[in-house]
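Input: a single structure, listed below in structure tokens.
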DNA sequence: TGTTAGCACTCTTCGGTGTCGAGTGCTAAC
DNA sequence: GTTAGCACTCGACACCGAAGAGTGCTAACA
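Residue numbers (the numbering used here), protein chains in the order written: chain A, 1 to 377; chain B, 1 to 377.
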């Protein structure tokens with residue numbers, strides 16, 4: 001049936017109901033809607049339309065004599081078709097917040113994951129929701145800029161690698177005591193010369209043999225060093241999960257039941273689940289929105305997650321997800337994630353995209369509508 | 001008046017009331033106490049004693065016809081004088097838990113603060129309360145074991161320091177481009193020779209001049225390098241706060257009110273406050289217990305904090321605090337903190353104290369009593 | 001003198017009842 | 001197709017009374 005294609009009035013009413021519900025968290029009645037500006041219908045008409053919308057599955061009623069509440073399907077339509085573009089990007093953080101982005105994101109050296117973490121913190125503050133940052137799995141695509149092996153004491157050394165995105169990694173090397181410090185330095189210099197500019201997985205036996213030849217250290221003697229380098233990279237690849245503003249969940253009345261809140265906070269601590277949750281959504285380069293039961297994790301059925309994946313220079317930095325009740329301020333969350341994308345990309349001065357990033361709206365999920373004045377107070 | 005010195009029977013009743021209250025969280029009535037084994041008095045007698053204890057400030061009544069609830073003063077006496085030694089140390093973690101200590105605490109190299117963090121996690125799991133780990137301020141007392149300056153690219157280098165407790169620290173050095181990589185290596189070697197074995201604050205102008213002389217780099221040219229070293233140490237000194245098991249707060253019925261829970265969880269996120277809270281208690285080398293209003297932080301008046309400070313080889317590693325409701329299982333918390341102290345000290349093989357640590361009970365706060373069989377089911 | 005039994009009293013908890021109001025669905029009129 | 005009117009439903013809230021836990025006090029007892 002083509003009945004699923006709503007007419008304009010139904011869409012307007014649905015949007016009004018959802019906007020209202022997002023704001024008040026009260027089931028909204030026909031009278032409330034009919035009183036809105038630019039809503040020129042009587043409560044009775046609205047009632048009929050709302051009954052239709054309920055039949056179609058976009059709204060539901062907590063009990064017979066209550067107003068209507070959006071269903072997951074309703075929210076889906078809302079984020080896909082009903083939110084206007086301006087609502088999404090008409091949004092600017094305060095000066096203070098901008099400063100934070102600068103000091104946080106623009107620091108030019110150090111762990112790249114710091115950037116995502118700071119961004120996550122910012123997003124949590126901007127949206128007043130919990131944000132989850134997942135970094136990592138970028139190691140494979142990054143190149144070695146410099147490396148050094150630092151002798152610590154007999155049998156112990158420290159491998160230090162600087163990657164091309166200025167991340168500094170180190171790992172301890174335990175070697176049998178046959179290599180003296182001077183030799184180790186020579187190994188270090190040669191490895192640096194040979195490996196710089198390459199990705200870690202490009203290191204091959206030829207290179208190792210060449211180092212072996214130049215330094216007089218046997219292949220097996222070199223292995224602990226090579227292992228140390230790999231361990232560095234492994235550290236960088238290790239996905240890190242960072243949650244920001246978890247307590248904010250408690251501000252939302254949907255979690256005023258401690259048991260419920262506890263359940264979700266416990267899920268937040270399950271790093272494996274969070275990685276799945278965020279990563280699963282990060283295939284696309286845009287925003288992905290998961291509403292209520294669309295989340296596969298049990299216990300998140302009353303939550304929505306909006307995820308954005310960030311990459312700079314083609315390097316995947318990580319993803320940030322915003323977690324809140326399904327009754328979430330979607331426009332604001334989308335705006336915040338896109339805003340930070342712009343900053344993050346701009347801060348790293350990727351030529352050609354820095355300024356344009358804000359216009360890169362998520363593909364597919366969002367569509368611009370220019371009809372009726374669906375303004376929201 | 002010497003009335004504050006309670007007779008044996010009052011103490012027994014007080015302890016019974018507190019034990020009972022800790023277990024059930026119900027105001028405890030005279031009948032309940034009189035039914036306990038080894039409590040050979042009628043409810044009426046108990047009632048009289050309880051009335052006295054209330055008058056003395058050790059108990060209080062939520063309302064006229066309710067049972068009694070311990071006051072902060074009551075808990076104070078409880079932890080100071082009433083808990084038996086066996087209750088405190090008769091406690092062993094499971095095999096799984098022991099493994100965790102081993103893999104976590106015994107890792108022989110890396111950031112020392114990891115140890116405290118793992119210990120904190122363990123304590124939270126053992127006690128089912130929230131634990132707060134504060135590390136740091138140890139940098140000043142640690143010595144440099146090895147250091148290295150790694151050239152990264154023109155104008156940029158990386159300072160790496162290994163301290164005598166095997167902590168590895170690094171910081172980025174930005175220098176004007178007058179020092180070439182070879183010279184930098186020479187500087188590195190000379191600094192390593194001169195500074196190894198010293199504490200960072202022992203580095204003086206004489207040493208720097210000596211490096212300057214040997215390498216031909218001017219004093220001012222060397223300063224960025226020295227600054228980088230200091231920055232490393234600053235990183236180590238930077239107190240880090242790590243909270244474990246914050247969600248567990250929500251398990252306790254005293255925080256079933258979301259507002260209350262939120263308030264405390266927000267406090268937990270305030271690193272500055274947590275550092276104050278934990279550090280303030282860490283002057284002594286034993287356990288410090290702060291009950292309810294004894295905590296200076298407003299909003300923690302219904303909580304107790306038990307803090308232990310850990311040091312190995314005279315080096316202060318940090319402190320761990322356990323945060324829970326005043327109705328906390330003090331014996332268990334004390335046991336857990338002492339148990340971990342033993343492990344932490346043992347793991348680092350401090351001769352002479354490893355085995356004895358468990359007997360080092362906190363000075364002053366705890367006293368052994370051998371009277372009446374105050375057994376607890 | 002210390003202990004205990006008995007009893008009246010207090011105060012919370014909880015289930016039941018009644019009212020109020022918001023909101024609906026339906027019908028009939030416009 | 002829209003709207004006014006009206007009966008109906010159902011949750012929220014306040015009120016009431018019974019039940020029960022626990023107390024303080026008094027008087028009797030060892």
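Note that beta-carbon positions come from the ideal geometry of N, C-alpha and C, so glycine has one too.
| said: Cβ closer than 8 Å: which chain A residues qualify as neighbours of residue 266 of chain B? | reply: Counting from one through the second chain, the residue named residue 266 of chain B turns up at place 266. Near residue 266 of chain B (Cβ distances below 8 Å), the residues of chain A are 247.
| query | Which of helix, strand or coil does DSSP assign to residue 41 of chain B? | reply | Stepping through the second chain from its first residue, residue 41 of chain B is reached at position 41. In this structure, residue 41 of chain B counts as coil in the three-state DSSP scheme.
| Closer than 7 Å to chain A by CB, residue 13 of chain B | Position 13 of the second chain, counting from 1, holds the residue named residue 13 of chain B. Taking Cβ atoms only, chain A never reaches closer than 7 Å to residue 13 of chain B, which makes this a no.
| message | Relative to the C-alpha of residue 84 of chain B, which candidate in B:142, B:260, B:19, B:303 has its C-alpha closest? | response | Within the second chain, numbered from 1, the residue matching residue 84 of chain B stands at position 84. Among B:142, B:260, B:19, B:303, the Cα nearest to that of residue 84 of chain B belongs to B:19.
| task | Leaving out five residues on either side along the sequence, give the residues of the same chain with a beta carbon under 8 Å from the beta carbon of residue 177 of chain B. | result | For the purposes of this step, residue 177 of chain B is identified with residue 177 of the second chain, where counting begins at 1. So the list reads 154, 155, once near-sequence residues are dropped.
| task | Would you kindly check if the distance between the Cβ of residue 231 of chain A and the Cβ of residue 171 of chain A is under 7 Å? | result | Counted from its first residue, the first chain places residue 171 of chain A at position 171. Counted from its first residue, the first chain places residue 231 of chain A at position 231. Yes; because the gap between Cβ atoms is below 7 Å, this pair is in contact.
| query | Any Cβ of chain A within less than 7 Å of the Cβ of residue 61 of chain B? | reply | The residue given as residue 61 of chain B occupies position 61 in the second chain. Residue 61 of chain B does not count as touching chain A.
| query | DSSP puts residue 146 of chain B in a beta bridge; with which residues? | reply | Residue mapping note: residue 146 of chain B aligns to position 146 of the second chain, counting from 1. BP columns for residue 146 of chain B point to B:162.
| field | chain A residues whose Cβ lies nearer than 8 Å to that of residue 423 of chain B | value | A query on residue 423 of chain B cannot be resolved here, the shown segment of chain B reaching from 1 to 377 and no further.
| Mind checking whether residue 310 of chain B and residue 317 of chain B have CB atoms under 7 Å apart? | For the purposes of this step, residue 310 of chain B is taken as the residue at position 310 of the second chain. For the purposes of this step, residue 317 of chain B is taken as the residue at position 317 of the second chain. Their beta carbons are under 7 Å apart, which means residue 310 of chain B touches residue 317 of chain B by this criterion.
| query | Would you say residue 20 of chain A reaches chain B, if we count a Cβ-Cβ gap shorter than 7 Å as a contact? | reply | Walking along the first chain from the start, residue 20 of chain A turns up at place 20. So, not an interface residue.
| message | Please tell me whether residue 430 of chain A has its Cβ less than 7 Å away from any Cβ of chain B. | response | No answer is possible for residue 430 of chain A: the residues shown for chain A start at 1 and end at 377.
| request: Rounded to whole angstroms, what's the CA-CA distance from residue 287 of chain B to residue 183 of chain B? Just pull it up for me. | output: Locating residue 287 of chain B in the second chain gives position 287, where the first residue counts as 1. Locating residue 183 of chain B in the second chain gives position 183, where the first residue counts as 1. So the alpha carbons of these two residues sit roughly 51 Å apart.
| query | Ends of the alpha helix (DSSP H) at residue 31 of chain A? | reply | Counting from 1 along the first chain, the entry for residue 31 of chain A is found at position 31. Residue range 30-34 is occupied by the alpha helix (DSSP H) that includes residue 31 of chain A.
| task | My understanding is that residue 249 of chain B touches residue 261 of chain B, with C-beta atoms under 8 Å, so please give their C-beta distance in whole angstroms. | result | The count along the second chain starts at 1 and reaches residue 249 of chain B at position 249. The count along the second chain starts at 1 and reaches residue 261 of chain B at position 261. With a Cβ gap of about 6 Å, residue 249 of chain B and residue 261 of chain B count as contacting.
| One or two residues paired with residue 153 of chain A in a DSSP bridge | The residue given as residue 153 of chain A occupies position 153 in the first chain. Paired residues: A:156.
| request: Reducing DSSP to helix, strand and coil, say where residue 70 of chain A ends up. | output: In the first chain, residue 70 of chain A corresponds to position 70, counting from 1. In this structure, residue 70 of chain A counts as strand in the three-state DSSP scheme.
| said: Short of 6 Å in beta carbon distance, which residues of its chain neighbour residue 162 of chain B, apart from the five on each side in sequence? Order them along the chain. | reply: Position 162 of the second chain, counted from the start, is the residue given in the question as residue 162 of chain B. Within the same chain, residue 162 of chain B has close Cβ partners 145, 146, 168.
| query | Helix, strand or coil: how does DSSP classify residue 252 of chain A here? | reply | The residue labelled residue 252 of chain A in the question sits at position 252 within the first chain. Coil.
| Beta-carbon separation of residue 264 of chain B and residue 75 of chain B under 7 Å? | Here residue 264 of chain B refers to the residue found at position 264 of the second chain. Here residue 75 of chain B refers to the residue found at position 75 of the second chain. No, the pair does not count as a contact, with Cβ atoms beyond the cut-off.
| request: Starting from the Cα of residue 302 of chain B, find the closest Cα among B:341, B:71, B:13, B:43 and give me that residue. | output: Taking the second chain and counting its residues from 1, the one referred to as residue 302 of chain B is at position 302. Taking only the C-alpha atoms, the option nearest residue 302 of chain B is B:71.
| task | Spell out the partners DSSP gives residue 170 of chain A in its beta bridges. | result | The residue given as residue 170 of chain A occupies position 170 in the first chain. Residue 170 of chain A pairs with A:160.
| Proximal chain B residues relative to residue 34 of chain A, where beta-carbon distance stays under 9 Å | Against the first chain, residue 34 of chain A aligns to sequence position 34. What residue 34 of chain A touches in chain B: nothing, since even the nearest Cβ is about 35 Å away.
| query | Residues in its own chain within less than 7 Å of residue 47 of chain A by CB, not counting five upstream and five downstream? | reply | Start at 1 with the first residue of the first chain, and residue 47 of chain A comes out as number 47. Result list for residue 47 of chain A: 30, in chain order.
| message | Let's test the definition: count the other Cβ atoms within 10 Å of the Cβ of residue 44 of chain B and tell me whether it reaches 16, buried, or not, exposed. | response | Locating residue 44 of chain B in the second chain gives position 44, where the first residue counts as 1. Answer is exposed; the Cβ neighbour count stays below 16.
| request: Taking a Cβ distance cut-off of 8 Å, strictly less, list which residues of the region 299-326 of chain B are near chain A, in chain order. | output: Taking 8 Å as the Cβ-Cβ cut-off against chain A, none of the residues of the region 299-326 of chain B qualify.
| task | Please name the residue in B:21, B:212, B:61 whose C-alpha comes closest to that of residue 78 of chain B. | result | If you number the second chain from 1, residue 78 of chain B lands on position 78. Nearest of B:21, B:212, B:61 to residue 78 of chain B, Cα basis: B:21.
| query | Could you check where the beta strand (DSSP E) with residue 287 of chain A kicks off and where it finishes? | reply | For the purposes of this step, residue 287 of chain A is taken as residue 287 along the first chain, with counting starting at 1. That run of the beta strand (DSSP E) goes 287-291.
| message | So for residue 372 of chain A, helix, strand or coil by DSSP? | response | Mapped onto the first chain, residue 372 of chain A falls at position 372. Note on residue 372 of chain A: pLDDT 25, under 50, position unreliable in the model; no value is reported.
| query | Which class does residue 132 of chain A belong to by DSSP, given the choice of helix, strand or coil? | reply | Translated into the one-based positions of the first chain, residue 132 of chain A becomes position 132. Strand, per DSSP.
| said: Could you check whether the Cβ of residue 200 of chain A sits closer than 7 Å to any Cβ belonging to chain B? | reply: Counting from 1 along the first chain, the entry for residue 200 of chain A is found at position 200. Output row for residue 200 of chain A: interface = no.
| said: Here's the rule I'm using: 16 or more other beta-carbon atoms within 10 Å means buried, otherwise exposed. How should residue 80 of chain A be labelled? | reply: Numbered from its first residue, the first chain carries residue 80 of chain A at position 80. That one is exposed.
| Does DSSP classify residue 320 of chain B as helix, strand or coil? | Working through the second chain from its first residue, we reach residue 320 of chain B at position 320. Residue 320 of chain B: strand per DSSP, three-state reduction.
| said: I'd like to know if residue 1 of chain B contacts chain A, where contact means its C-beta is closer than 7 Å to some C-beta of that chain. | reply: By one-based count along the second chain, residue 1 of chain B stands at place 1. Any reading at residue 1 of chain B is ruled out, since the residue's pLDDT is 41, under 50, leaving its predicted position unreliable.
| said: Spatial neighbours of residue 352 of chain B within its chain, please: C-beta separation below 7 Å, excluding the five flanking residues on both sides. | reply: One-based indexing of the second chain puts residue 352 of chain B at position 352. With a pLDDT of only 35 at residue 352 of chain B, under 50, the local geometry of the prediction cannot be trusted, and the value read off the model is given with reservation. Apart from the 5 residues on each side of it in sequence, residue 352 of chain B has no Cβ closer than 7 Å to any other Cβ in its chain.
| said: So that I know if they touch, is there some Cβ in chain B lying closer than 7 Å to that of residue 152 of chain A? | reply: For the purposes of this step, residue 152 of chain A is identified with residue 152 of the first chain, where counting begins at 1. In terms of beta-carbon proximity, residue 152 of chain A lines the interface with chain B, with at least one pair separated by less than 7 Å.
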